[in-house]
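Each residue of the sequence shown is one higher than the one before, counting from 6 in our numbering.
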Amino acid sequence: MAEPEHDPHQRPSGAAPASARRRQFLGYTGAGLLATVLPGCGGSVAAADPAYGRTVALAQQQIEAAINGDSNVAGMSIALLKNNRIVWAEAFGYASKTPAVPATLQTRYNIGSCSKVIAALAALILQDQGKIDLNEPIVKYLPSFTMLSPQYAQITTRHLLSHSSGFPGTNGLNAFMLGTPAQGYDVDTEAALANQHLKHLPGQLAVYCNDGFTMIERLVSATTGLSYAAFVQQCLLTPLNMTNSGFLTSVPASGSFALPWSSGTQYPQEFVSPLASGGLCTTPADMMNLAQLLLGGGIFQGQRIVSAAAIADMGSSQTGALRINPSPEWQWGLGWDNVRQPGLAAAGVKAWTKGGDTDFFHSELLVLPDAKLALMISGNHGFEQAVSVEAILLQALQEDGTLGTALPAVVGNSVPPVAAQADPNAMAGIYANYSKPLQVTLGVDGLVINGWNGSAWKPQTSTPYRYRADGWWWSDSGGNSYAFKAVTDTDMNGQPVTYRYLMMRNRPGAGYAFVTQPIGQLLAPLPALDAAWTARMGTTWSLTNQSRASVPARFAGALQASLRAPSWVPEGYILLANNDYDMGNLQYQLLKPLADDRGGMTVNAPVLYGRDLQEIVFTTVNGASQMTIGSWIYTQI
6 MAEPEHDPHQ RPSGAAPASA RRRQFLGYTG AGLLATVLPG CGGSVAAADP AYGRTVALAQ
66 QQIEAAINGD SNVAGMSIAL LKNNRIVWAE AFGYASKTPA VPATLQTRYN IGSCSKVIAA
126 LAALILQDQG KIDLNEPIVK YLPSFTMLSP QYAQITTRHL LSHSSGFPGT NGLNAFMLGT
186 PAQGYDVDTE AALANQHLKH LPGQLAVYCN DGFTMIERLV SATTGLSYAA FVQQCLLTPL
246 NMTNSGFLTS VPASGSFALP WSSGTQYPQE FVSPLASGGL CTTPADMMNL AQLLLGGGIF
306 QGQRIVSAAA IADMGSSQTG ALRINPSPEW QWGLGWDNVR QPGLAAAGVK AWTKGGDTDF
366 FHSELLVLPD AKLALMISGN HGFEQAVSVE AILLQALQED GTLGTALPAV VGNSVPPVAA
426 QADPNAMAGI YANYSKPLQV TLGVDGLVIN GWNGSAWKPQ TSTPYRYRAD GWWWSDSGGN
486 SYAFKAVTDT DMNGQPVTYR YLMMRNRPGA GYAFVTQPIG QLLAPLPALD AAWTARMGTT
546 WSLTNQSRAS VPARFAGALQ ASLRAPSWVP EGYILLANND YDMGNLQYQL LKPLADDRGG
606 MTVNAPVLYG RDLQEIVFTT VNGASQMTIG SWIYTQI
């Protein structure tokens, strides 16, 4: 889900890395193709359509390079659909390495945030049934929902599905588990939101948000009386014949599942607690049945499951009404990361894309509605560095005649000439984001960016970047480029405010288009910390209510948070260091006092780097100091 290092996460498809992933076994059911075991390859393949021979060869070459080149990639699976027929599906490597269990087409992977497409469909089915209206406030259907910011009453289901609700981000409590699932995650999330503020006004901007999709679980329960898993099974998975798909809400009694494999160690089953946001466990072949529904305008094998208007709404850009949108190439759909994938758009092809990450697995789903083509790939983390779904799909489009022989021109091959440097005084300073502050300096040699690693500043740029004629800062060797952008709007209190962003631009995929996003927001000094906050600086806190079976507890050991005010921190801010909800890696956020007992969020950055922000609250319980961050509870050490 975590997009973004990581999402559950997601990294949305086409994004630059930002930091940081049942039932009865019934066999392969995709389009009637016969699955046969390949001798010695540890996998299985459905006979490929010879019309896509070069596409298959390209994909096989990249996948084999991924498995051979990354020791963490144990297995993968891929499926390619044209019209209503799977033209190729193949499994590679192992579902488990110790003991050795070859991956097959029935091996199920946790697909992380690709699950959000299912959540959007579930909400649209509720709308088709007359149970909700996407444009009505969710409190109409979920009267128990509340937050500290009064504007919470404006949040609609459309906001939830398009990452524009203003929620802080992700409930971290037991989000990822090993060996045993956690219970009640959706209830915990709603309870945590009740004690938090919004970070921005609903609909003001769009920044990746998992909790918005977890609240779809609450909406489903409130309007149908069914659990989210039961509703999706009844309304989507069963009618779509997705017999190798489901949510791991309990330890499975049967079936074939890919197990986590990392650094030479086999781990037990991974369980993803945010079901709607990232919890579907499935196969690429099963997901091609879902793709048929999407390509068919809501019809699967002659049966209408969701309205054509709903499918069209899902695939329509939700960004038109955003007031802050410095990266317009991010065309969020309902559940989709982008309904206009930039690289394929450069070739004149519309593509709806969704990426998904759990702590151990990565998936990518792309649906090309006009070309009637779809692709799904899943496997252990690491393969995405070697496998380009963009290149594979462009090859398929050439082979089936949708595209000619010419591909788009690669952008940014020539570094623009140096231009007169803008005033550096307005741009230098400390930029905040969700994972680590950035220190930006500008001098006669150019732009230098450093990132805070917990004890020192670490260079993020290998050489100084110089201002160029296109308005961006480039190194002489090219690669990523940077710029500064100011956006004026109103804050939560209706007062005028200017957000100043450090923008990063890169060329993902095959390099046919630039993609930008804000990676930090400039912080201006505040009034000095008062005595209550000054007394907390230098304190360390121990997380008390995280399960020992959670992934962070397994990988990071003792989970702690600390409050500091190093000399470089702008006056009036607090540096919070704590373990993230993925692998337990330390992340660093700059907070501001909201009251003597509460510290709040400081970042309003769209896309990815303003995600998963935290609000801290201090109370006294039985005479002992206690700190909460969402659902997490800490005691002072």
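Yeah, the Cβ is synthetic: ideal placement off N, Cα and C, and Gly gets one too.
What residues match up with glutamine 592 in a beta bridge as DSSP calls it?
Its beta-bridge partners are Asn583.
With distances taken between CB atoms, is the gap from glutamine 308 to threonine 324 smaller than 9 angstroms?
For glutamine 308 and threonine 324, no; Cβs fall outside 9 angstroms.
Would you kindly work out how many angstroms separate the C-alpha atoms of serine 460 and leucine 591, rounded to a whole number?
Their backbone Cα atoms lie some 12 angstroms apart in a straight line.
Does DSSP classify valine 453 as helix, strand or coil?
Three-state DSSP puts valine 453 in a strand.
I think alanine 396 touches alanine 518, with their Cβ atoms under 8 angstroms apart; what is that distance to the nearest whole Å?
No, alanine 396 and alanine 518 are not in contact; Cβ-Cβ is about 14 angstroms, not under 8 angstroms.
Expressed to the nearest angstrom, what Euclidean distance is found between the alpha-carbon atoms of threonine 109 and isoleucine 91?
Those two C-alpha atoms are separated by around 16 angstroms.
Checking 9 angstroms against the spacing of the C-beta atoms, do leucine 300 and asparagine 88 come in under that value?
For leucine 300 and asparagine 88, yes; Cβs fall inside 9 angstroms.
Rounded separation between glutamate 576 and valine 416 - CA only
The straight-line gap from Cα to Cα measures roughly 41 angstroms.
Report the option in Pro501, Val520, Thr503 and Tyr504 whose CA atom is closest to the CA atom of arginine 510.
Closest option to arginine 510, Cα to Cα, is Val520.
Endpoints, beta strand (DSSP E) assigned at glutamate 275:
Segment 275-277, the beta strand (DSSP E) holding glutamate 275.
Between Gln594, Asp617 and Met632, which has its C-alpha nearest aspartate 602's C-alpha?
Minimum Cα distance to aspartate 602 is reached at Met632.
For alanine 128 and aspartate 475, the rounded distance between their alpha carbons:
The alpha-carbon separation between aspartate 475 and alanine 128 amounts to approximately 43 angstroms.
For the beta strand (DSSP E) containing phenylalanine 218, name the first residue and the last one.
Phenylalanine 218 -> not in any beta strand (DSSP E); alpha helix (DSSP H) instead, spanning 216-229.
Three-state secondary structure (DSSP) of glycine 251:
Note: glycine 251 maps to strand in three-state DSSP.
Decide yes or no for the touch test of the stretch 269-277 against the stretch 197-210: beta carbon pairs closer than 8 angstroms, at least 3 of them.
The stretch 269-277 is not in contact with the stretch 197-210.
Would you kindly work out how many angstroms separate the C-alpha atoms of valine 192 and phenylalanine 150, rounded to a whole number?
C-alpha separation (whole angstroms): 11 angstroms.
Going by DSSP in three states, phenylalanine 181 sits in which element: helix, strand or coil?
Reduced to three states, the DSSP call for phenylalanine 181 is strand.
If you follow the beta strand (DSSP E) that threonine 358 is in, where does it begin and where does it stop?
Secondary structure note for threonine 358: its beta strand (DSSP E) is the uninterrupted segment 357-362.
What is the DSSP secondary structure of aspartate 602, reduced to helix, strand or coil?
In the three-state scheme derived from DSSP, where H, G and I count as helix and E and B as strand, aspartate 602 is classed as coil.
What does DSSP give as the partner residues of arginine 163 in its beta bridges?
The partner list for arginine 163 (beta bridge, DSSP) is empty, contrary to what the question assumes.
Straight-line Cα distance separating serine 49 from alanine 40:
Its pLDDT being 30, under 50, alanine 40 is placed unreliably in this model, and the value from its coordinates should be taken loosely. Just so you know, the alpha carbons of alanine 40 and serine 49 end up roughly 6 angstroms apart.
Indicate the three-state DSSP secondary structure (helix, strand or coil) for tryptophan 341 in the structure shown.
Taken through DSSP and simplified to helix, strand or coil, tryptophan 341 comes out as coil.
Name, in chain order, the residues that DSSP records as bridge partners for asparagine 385.
According to DSSP, asparagine 385 shares a beta bridge with Phe366.
Does DSSP put tryptophan 479 in a helix, a strand or coil?
Strand.
Express the C-alpha separation of valine 311 and proline 244 in angstroms, rounding to a whole number.
A direct Cα-Cα distance of roughly 11 angstroms separates proline 244 from valine 311.
Euclidean distance between Cα positions of leucine 443 and alanine 433
Taken atom to atom, the span from the alpha-carbon of leucine 443 to that of alanine 433 is near 10 angstroms.
Provide the residue span of the beta strand (DSSP E) that contains tryptophan 93, from first to last.
Counting along the chain, the beta strand (DSSP E) containing tryptophan 93 begins and ends at 90-102.
Pull up the CB-CB distance for asparagine 179 and serine 278, whole angstroms please, since I reckon it's below 8 angstroms.
That belief holds up - the Cβ atoms of asparagine 179 and serine 278 are roughly 6 angstroms apart, short of 8 angstroms.
Taking only three categories from DSSP, how would you classify phenylalanine 262?
Phenylalanine 262 sits in a strand when the DSSP states are folded into three classes.
For the candidate residues Gln201, Ser486 and Ile382, whose alpha-carbon lies nearest to that of threonine 175?
When only C-alpha atoms are compared, the closest one is Gln201.
Glycine 348 (DSSP reduced to helix, strand or coil):
Assigned with DSSP and collapsed to three states, glycine 348 falls in helix.
Which first and last residues belong to the alpha helix (DSSP H) in which lysine 121 is found?
Looking at the DSSP string, the run of the alpha helix (DSSP H) that includes lysine 121 is 120-133.
Which of helix, strand or coil does DSSP assign to methionine 292?
It is helical.
Am I right that alanine 566 and isoleucine 579 are in contact with their C-beta atoms under 8 angstroms? What's the rounded C-beta distance?
Incorrect: roughly 11 angstroms between the Cβ atoms, too far for contact.
Beta bridge counterpart(s) of threonine 60 as assigned by DSSP
In the DSSP assignment, no residue is bridged to threonine 60.
Own chain partners of serine 552 with C-beta closer than 6 angstroms, once the 5 adjacent residues on each side are dropped:
Taking C-beta separations shorter than 6 angstroms and ignoring five residues to either side along the sequence, the partners of serine 552 in its chain run Asn179, following chain order.
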